[in-house]
Structure formats: structure tokens, C-alpha cells
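Numbered by our numbering, the letters in the sequence shown go through residues 40 to 324 in order. Beta carbons: idealized from backbone N, C-alpha and C, even for Gly.
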Amino acid sequence: SAPFPMDNMADSHTKTLFLVRHGQSEENVRVNNFRRSYQLLRQGEHLTSADWGKFGSILHVDTNAPLSPKGQEQAQDLGERVARDDLLRRRGVQLAVHSPLQRTKFTLQPLLVKTFPEVQAYQGNPMAWDEQGIQDVPIPVVMQADLLERRPREYIRGPLFAGRFERRMDRLLEWLAERPEDTILVVGHGQAFKRILGIQFEFGNCDMREIKLTRSATGKITWEGDPLLVYRGKDNGKGGQDEAVVAARLRLAGSTPAKQDGVVLDSAGDEKLAPSAAQAPASGD
Numbered sequence: 040s041a042p043f044p045m046d047n048m049a050d051s052h053t054k055t056l057f058l059v060r061h062g063q064s065e066e067n068v069r070v071n072n073f074r075r076s077y078q079l080l081r082q083g084e085h086l087t088s089a090d091w092g093k094f095g096s097i098l099h100v101d102t103n104a105p106l107s108p109k110g111q112e113q114a115q116d117l118g119e120r121v122a123r124d125d126l127l128r129r130r131g132v133q134l135a136v137h138s139p140l141q142r143t144k145f146t147l148q149p150l151l152v153k154t155f156p157e158v159q160a161y162q163g164n165p166m167a168w169d170e171q172g173i174q175d176v177p178i179p180v181v182m183q184a185d186l187l188e189r190r191p192r193e194y195i196r197g198p199l200f201a202g203r204f205e206r207r208m209d210r211l212l213e214w215l216a217e218r219p220e221d222t223i224l225v226v227g228h229g230q231a232f233k234r235i236l237g238i239q240f241e242f243g244n245c246d247m248r249e250i251k252l253t254r255s256a257t258g259k260i261t262w263e264g265d266p267l268l269v270y271r272g273k274d275n276g277k278g279g280q281d282e283a284v285v286a287a288r289l290r291l292a293g294s295t296p297a298k299q300d301g302v303v304l305d306s307a308g309d310e311k312l313a314p315s316a317a318q319a320p321a322s323g324d
């Protein structure tokens, strides 16, 4: 459900957002290794020296962690699928937004490079992906500081840090609503998307979802419906989906593909429709 109350929609303005969580990062790998080792400890299992190393890796906090090898593969795969469907052109995406962290920059790059050869000059040059953005490509690219992942101190309860993350996400939502573009691609972070969408599940790495944002004549901001799954990130599995998730790609295809195990597939076997049955949310980071 939308985190903001509905308002009079007369003279309202609606825009479409394509939201992408970054590919798997080295920090995601450390957290996942810690969880697995911790679970073994709780079960009374003997930890090997390698397991203890993974358990201790959580002490190394890197808030600007790079993509892992798997994350790089996920980003390339998503870029290839988006280019194959020509989604950015066909849906009229007018702006690409990323956070200050390198894992979002290097997830966004293949999305643009695979579709727009003009962006090739910027690939591998993170200095070009700065606050001014890349303006001489078909889709302008802008870094948005408030899109930053939830910082460790923003998890701390108490008067000093209380509400900081929520206020930052409110600024992000306001910024998106005020942008003049009608269709925006946003590459960001799981906790940020959970907050602004008011959802209980977390995007998988390199999942892309579509949702419509409406601002009424009186300034109230609402989300229309659920975030629709456009592409699932490579090797993310099928768990952790919200209820009644519908793939936006079906509207592009203009046809009804075959179903297999409750999932709609295209001729190449790519997933187009997540199961509509309720499932337990996946725990992400």
C-alpha cells in the first residue's frame, strides 16, 4: 500500500519510475557469509578456519563496496536484456539517476552502454559520473546524494540519529516528484527502495521494477499499485516476492506467453511474471 494518503487527483501529475537495485556487492557477500556461519554456530556445527574467517569478515565495513564478480555479471546480464528489449527507448526513459556509491554507478553503466553506444566513452571512468552528471548522451545521468544506502549510524536508535534516514528518504521522494521528466530510471539500494515504497520485502540484486508516482494538485505524493517486476536479477531465485506482482514487460510484448510453474516465460525462457501467490519476504541487505 502507498505510504502517503490518497488525495484529490484533479490536475495531478503521474510519472513512471524504473527502480533497479545494484548488483551483488562485496559487502553483500560478507554479510551473507556471516549469516551462514552464524547459522552453523546456532545449529551447533563445527566451524572450519575458513568459516571463522567468513564469520569475522563482518567486522570489515566498507560502505562503498564494489560489485562482486557475480554482481558484475548480474549488471552485464541486465544491461543485455534491457538492450534486447530496447526498453529504455520504447518506454521513453528521459533520465537516469544513481547514488554516490560505486556499486550503483557500475550497475547503471551496462544498462546505458548496451543500448547507447555513445556512452562507451564513459565506461570505466567513474570520475565522469559525478554530481554534474553525464549530459551529452541520449539519457542524462545524475547522481542523487539522498539516494545513498542507509548508513550504519542511521540504524542507531536514540535522539541523536533518530529519523535521519526517514527524513533523507522523504527528501529523495520529493526530489523525484519534482523532476520535470515523466519517465525515470533509478539505480539505488534495497533499504532506500523499501522506505520510499513502504514495502516489507527487499529487491533482489539487479531486480528491476516499475511503479507510477503521482503528485496531486495539493502536493500529496502517492504510489499507484504495487512495484511491478520487469526483470529479475540473474541467479536471484524465485523467493521473496510480494503479492500480485505483474511483469511490466507483458505490456511491451503485447502477447500472452506460456506459463511454467506459475511463472510466465518468453520464448527464450526469461521470466516475465513473478508468482502472484503470497510468499514470505526475503531477508536482504
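Please state the DSSP three-state secondary structure of K144. helix
From G202 to M208, what does the alpha carbon distance come to, in whole angstroms? 10 Å
For L187, does the three-state DSSP call read helix, strand or coil? coil
Residues bridged to F57 [DSSP beta-bridge criterion]: L224, E249
Who does I260 pair with in a DSSP beta bridge? R254
Taking DSSP as the reference, what is the three-state secondary structure of A114? helix
How far does the alpha helix (DSSP H) with A216 in it extend, from its first residue to its last? 203 to 217
Taking all protein chains shown into account, do 16 or more other C-beta atoms lie within 10 angstroms of the C-beta of E263, making it buried, or fewer, making it exposed? exposed
Would you report the Cα separation of Q113 and N244, rounded to the nearest angstrom? 8 Å
Best match in T102, F145, K54, Q141 for proximity to L134 [C-alpha to C-alpha]: K54
Under the assumption that L147 contacts H137 (Cβ atoms under 8 Å), give the Cβ distance between them as a whole number of angstroms. 5 Å
Distance between beta carbons of E119 and K153, contact taken as under 8 Å: 6 Å
How many angstroms separate the CA atom of E12 from the CA atom of R271? The structure shown has nothing for residue 12, since the chain only spans 40 to 324.
In the DSSP assignment, find the unbroken beta strand (DSSP E) run with L135 in it and report its ends. Residue identity differs from the one stated: residue 135 is Ala in this sequence, not Leu. Residues 134 to 137.
At which residues does the alpha helix (DSSP H) containing L236 begin and terminate? 229 to 236
Identity of the residues DSSP links to L106 by a beta bridge: S64
Straight-line CA distance for V226 to S51? 26 Å
What does a CB cutoff of less than 7 Å around S64 pick up in its chain, not counting 5 residues either side in sequence? A104, P105, L106, S107, G110, R142
Three-state secondary structure (DSSP) of P266: strand
Expressed to the nearest angstrom, what Euclidean distance is found between the alpha-carbon atoms of L186 and E157? 26 Å
Start and end residues, alpha helix (DSSP H) containing R271: Unbroken run through R271: none, as it is neither H nor E.
My guess is that E249 and V269 are in contact by the Cβ rule of under 8 Å, so how many angstroms apart are they, rounded? 5 Å
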